[in-house]
Amino acid sequence: MASSRDYYKVLGIKRDATAVQVKAAFRAKAMRYHPDHNPGKETWANKKLAGIIEAYETLGNPSSRRLYNRRLAEAERLLDETETVVVYRRPRKREKTTAERMVDIINFPLTPSWARSMAAAFVLFDRFSKDDGSVE
Amino acid sequence: MSKAVGIDLGTTFSEISVMQGGEPVVIPSAEGGNITPSVVAVSKTGERLVGQVARRQAIVNPENTIYLTKRFMGRKWGEPQGRELTVEDDAKRKPFKVVKGLNNEVKMVMGGKEYSPPEISAMILQKLKADAEAYLGEKVTEAVITVPAYFNDAQRQATKDAGQIAGLKVLRIINEPTAAALAYGLDKKKDETIAVYDLGGGTFDISILELGEGTFQVKSTAGDTHLGGDDFDQKIMDWLADEFKRDQGIDLRKDKMAMQRLKEAAEKAKIELSTVQSTDVNLPFITADASGPKHLNINLTRSKLEQLVMELVEKTIGPCKQALTDSGKTASQIDEVILVGGQTRMPLVQQKVKELFGKEPNKSVNPDEVVAIGAAIQAGVLKGEVKDVLLLDVIPLTLGIETMGGVATPLITRNTTIPTSKTQVFSTASDNQPSVEINVLQGERPMASDNRQLGKFVLDGILPAPRGIPQVEVTFDVDANGILNVKARDKGTGKEQKITITVSSGLSKEEVEKMQKEAEAHATEDAKRKEEAETRNTSDNLAYQAEKTVRDNKDKIPEDIATEINTKTAALRAAITANDVAQMKTASEELSTALQKAGSHVYGQGGQQQPPPGGGQSGSEGEQPPQDGKPDEGTVEGEFREV
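Taken in order, these protein sequences are the chains called F and D.
In terms of my numbering, the first sequence opens at residue 1 and continues consecutively.
In terms of my numbering, the second sequence opens at residue 1001 and continues consecutively.
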């Protein structure tokens, strides 16, 4: 499965981490996010752990790590070249998101109640769809 | 807080262990000894026997003594077996009956009643539970139970069902070699790569693990769920029967009782030959014909035994090689080979392990107890008592779906570390196909029909399109417990369908609950029957003592009191014969009262305050200690006072 995630970030290590460091980082992360150690948050923990295992399976093996590094470098090079199109760094002026505009509508004292209800519904939906448990 | 125990539910023997003061401890059975035979029986008097007592009477009650139940867990008559034996093969040559249920389930017959394999296993679990409760002095309600790593989902579910029927909440089902690795490596600081070679009573597992600093990661696992010590015993039995037939012309295989004796003798000889070079199998009066009784007396040498079982030991080579390949390690990269399971005590097996891995196996763990100990540790981890332990296991069998042409397309290959998630895009096989059927499979075979079907669902509402155009995304999610969730999503319509694979063991949820209630009721009944037996015993003792007292003290006891005692004794004896518990209790009390009157005469000469002599002590519970001359106080419980 082609992953757009940065495995180094997932394990919390630098690009030049040694094999020993990779293993230690994997163990630490796995211990932290194992569902057994996260009672009540098992679904989320299982997802996190699956990602950590996937990262380690690539980075833990020298040849697959080499291959991954190449692909990672390639992907980043592409992003650099098309910087004006893909915004992946923080935009200079922070514009309001639609949700934030909706919150303004709610807070504005003169908003009719129907408009306030619609805005509230939007905000709720927006928050709900974001809440997949990804805290990190 | 109730203790969570670890249980090794083995094919031939079971153990139970618990964490105590930070250390895992194997709990002894009520009969003494740490291991309990996985044997259940119904005696001729209708009493249910479990464990050692069941095993001991197997010879005289072969048809109603059940063993090797694990071989039938989670299985159906007529399912595809791959390389393994069919249920029919397993049921052959067993002295107890194995029959077909309504939906091809396996049913075992004991005492004229049919039981499903999880019910039988539950009886063993109930006994272990009771032994643990007696030892710990508290209720046991939660357990971690182990299974062979190579068990499929139905077999695992059957084990869970057995736990539930026995009144246990199964916190986790873990793999036997992983449990053993946990017990072995808990204190190891340095990283190690180990192989666990587990040859038990009925199953063989080989697992390769990396461990260190509290992390246990399985790299690969392989095995044979139909290879174990019992097969070794069978080879010896067959040879003995053949030799006997050759010498004496009688085929012992027709005689169930003789075969049972042969089985025990074969096992005994096999065990002895692990330490000596030759042994005699001696079974007098094994059978009889017109010319009189026949005796079996055959000598078995270690070299002959090794010839007989060589083929079985060599069957472990294939899985070992496969596990090594799958793990990406060579034999020389394995630091230690851990031996698990009683059968690994055989010198031939140890030699074969040495050949395979190029080093002496590590015998620092007790092969009978290490799995239960590992399970107890895992129970401790789940209860939060044991910290900084991480277990990462793998799925032992490939998971996939059925695709065009009846082909099995893998989605998650075997030995993938769990939890894991894999997504693949599929399409339709024919033009304007409105729906796709997702048939979830487990197994290594290339054709879907040769693999085990775990579940099926349909995703419909696919918009008409030429075949191969619609995009259906199928995601397989396996969590840390090994539970599989399958999701299918039509990328065109966004429609989604999903199922959680809960494999049936052959029993429905209602059936399991019903069996659980029955098991509970039986346990209560058992306790009642035990109490009855005790009452009968004490009554009998009391009657005997009364008779003795009257006899020994004829001159001292007044006539009327003696008569009263004799009457009451007769009444008690009648109650014992009638087996009337309530009557026994009443009659006992009345007799005690009468005896006290006599006592005051024998020792106090009616009225005198004389302390009873030390000779009043005896081990019998029915003994009535003489009162110090007090007049009859009416109904008094017979107390035993130290003097």
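Every residue gets a Cβ at the ideal spot worked out from N, C-alpha and C, and that includes glycine.
As the structure is a prediction and not an experimental result, all values here were calculated from the model.
Assuming the contact rule is C-beta atoms closer than 8 Å, residue i and residue j should be a hit. Round their C-beta distance to whole Å, please.
i: D/Asp1431; j: D/Arg1467; result: 5 Å
i: D/Leu1411; j: D/Val1474; result: 7 Å
i: D/Leu1296; j: D/Leu1273; result: Not confirmed; about 17 Å, so no contact.
i: D/Val1472; j: D/Phe1426; result: 5 Å
i: F/Ala99; j: F/Asp126; result: 4 Å
i: F/Tyr171; j: F/Leu11; result: Because chain F spans 1 through 136 in this model, residue 171 of chain F falls outside it and cannot be assessed.
i: D/Met1073; j: D/Thr1159; result: 6 Å
i: D/Ile1483; j: D/Phe1457; result: Between D/Phe1457 and D/Ile1483 the Cβ distance is about 16 Å, and since that is not below 8 Å, they are no contact.
i: D/Glu1590; j: D/Lys1568; result: 5 Å
i: D/Arg1414; j: D/Leu1397; result: 5 Å
i: D/Leu1312; j: D/Asp1231; result: 6 Å
i: D/Ser1278; j: D/Arg1302; result: 7 Å
i: D/Ala1180; j: D/Ala1030; result: In fact, because the Cβ distance is near 26 Å, the residues do not count as touching under 8 Å.
i: D/Thr1417; j: F/Ile13; result: Going by Cβ atoms, the distance from D/Thr1417 to F/Ile13 rounds to 19 Å, so no, they are not a contact pair.
i: D/Leu1459; j: D/Gln1433; result: With a Cβ gap of about 11 Å, D/Leu1459 and D/Gln1433 do not count as contacting.
Going by DSSP, name the residue or residues bridged to residue i.
i: D/Asp1224; result: D/Phe1204
i: D/Leu1391; result: D/Phe1216
i: D/Ser1017; result: D/Gly1006, D/Val1026
i: D/Ala1195; result: D/Ile1208, D/Val1337
i: D/Ser1278; result: D/Thr1301
i: D/Val1474; result: D/Gln1424, D/Ala1488
i: F/Lys9; result: Its beta-bridge partners do not exist; DSSP assigns none.
i: D/Asp1289; result: D/Gly1292
i: D/Gly1455; result: D/Val1440
i: D/Tyr1115; result: D/Met1108
i: D/Ile1501; result: D/Leu1484
i: D/Arg1172; result: D/Val1144
i: D/Pro1037; result: D/Phe1013
i: D/Pro1347; result: Looking at the DSSP assignment, D/Pro1347 forms no beta bridge with any residue, so it has no partner.
i: D/Asn1362; result: D/Ile1338
i: D/Leu1399; result: D/Ile1412, D/Gln1442
Just mark residue i as buried or exposed, buried being the case when its beta carbon has 16 or more other beta carbons within 10 Å.
i: D/Ala1269; result: buried
i: D/Thr1423; result: exposed
i: D/Phe1285; result: exposed
i: D/His1601; result: buried
i: D/Glu1559; result: exposed
i: D/Val1371; result: buried
i: D/Thr1563; result: exposed
i: D/Ser1327; result: buried
i: F/Gly51; result: buried
i: D/Glu1105; result: buried
i: F/Arg15; result: exposed
i: D/Gly1614; result: Reliability fails at D/Gly1614, whose pLDDT of 42 lies under 50, so the model's placement of it is uncertain and the value that follows must be treated cautiously. Classification for D/Gly1614: exposed.
i: F/Phe128; result: exposed
i: D/Asn1064; result: buried
i: D/Lys1254; result: exposed
i: D/Gln1351; result: exposed
i: D/Ala1488; result: buried
i: D/Thr1593; result: buried
Measure from the alpha carbon of residue i to the alpha carbon of each residue in the options, then state which is nearest.
i: D/Ile1125; options: D/Ala1162, D/Glu1355, D/Ile1373, D/Glu1023; result: Correcting the residue type first, residue 1125 of chain D is Leu in the shown sequence and not Ile. Among D/Ala1162, D/Glu1355, D/Ile1373, D/Glu1023, the Cα nearest to that of D/Leu1125 belongs to D/Ala1162.
i: F/Gly60; options: D/Arg1093, D/Lys1219, D/Lys1495; result: D/Lys1219
i: D/Lys1321; options: D/Ala1222, D/Arg1253, D/Asp1247; result: D/Ala1222
i: F/Lys9; options: F/Thr43, F/Asn38, F/Lys48, F/Asp36; result: F/Lys48
i: D/Val1381; options: D/Gly1111, D/Thr1524, D/Arg1172; result: D/Arg1172
i: D/Ala1565; options: D/Ile1576, D/Gln1545, D/Met1584; result: Per the sequence shown, residue 1565 of chain D should be read as Ile rather than Ala. Ranking D/Ile1576, D/Gln1545, D/Met1584 by Cα distance to D/Ile1565 puts D/Gln1545 first.
i: D/Thr1325; options: D/Leu1399, D/Ala1195, D/Asp1153; result: D/Ala1195
i: D/Lys1129; options: D/Glu1267, D/Thr1141, D/Leu1085; result: D/Thr1141
i: D/Glu1532; options: D/Thr1577, D/Ser1508, D/Glu1267; result: D/Thr1577
i: D/Ser1364; options: D/Lys1256, D/Val1050, D/Ala1265, D/Glu1336; result: D/Glu1336
i: D/Tyr1115; options: D/Val1581, D/Lys1514, D/Leu1572; result: D/Lys1514
i: D/Asp1289; options: D/Gly1200, D/Asn1282, D/Asp1450, D/Leu1252; result: D/Leu1252
i: D/Ala1122; options: D/Arg1156, D/Ile1165, D/Lys1094, D/Leu1136; result: D/Ile1165
i: D/Asn1150; options: D/Ala1594, D/Ile1395, D/Arg1075; result: It is Tyr, not Asn, that sits at residue 1150 of chain D in the sequence shown. For D/Tyr1150, the nearest C-alpha among the options comes from D/Ile1395.
Worksheet item: Touching or not, the stretch 1134-1152 of chain D and the stretch 1035-1046 of chain D, by the rule of three or more beta carbon pairs under 8 Å?
Response: In the pairwise beta carbon analysis, the stretch 1134-1152 of chain D is classified as not touching the stretch 1035-1046 of chain D: fewer than three pairs are separated by under 8 Å.
Item to complete: Would you be able to state if there are at least three C-beta pairs under 8 Å between the stretch 1199-1216 of chain D and the stretch 1380-1395 of chain D?
Response: They touch, by the three-pair rule.
Item to complete: Take every Cβ of the stretch 1372-1387 of chain D, pair it with every Cβ of the stretch 1021-1035 of chain D, and state whether three or more of those distances are shorter than 8 Å.
Response: Touching, per the Cβ criterion.
Worksheet item: Looking at C-beta atoms only, is the number of pairs between the stretch 1456-1466 of chain D and the stretch 1517-1529 of chain D that lie closer than 8 Å three or more?
Response: Contact fails: fewer than three Cβ-Cβ distances are below 8 Å.
Worksheet entry | Three-pair Cβ contact test at 8 Å for the stretch 1087-1105 of chain D versus the stretch 1054-1071 of chain D | Counting Cβ pairs under 8 Å, three or more are found: they touch.
Worksheet item: Counting Cβ pairs closer than 8 Å, one from the stretch 1399-1408 of chain D and one from the stretch 1045-1056 of chain D, do we hit at least three?
Response: Using a C-beta cut-off of 8 Å, the stretch 1399-1408 of chain D makes no contact with the stretch 1045-1056 of chain D, since fewer than three inter-stretch Cβ pairs fall below that distance.
Worksheet item: Below 8 Å, can you find three or more Cβ-Cβ pairs linking the stretch 1245-1265 of chain D to the stretch 1198-1212 of chain D?
Response: These segments do not touch.
Worksheet entry | Meets three-Cβ-pair contact criterion under 8 Å: the stretch 1532-1541 of chain D and the stretch 1576-1588 of chain D | Touching, yes.
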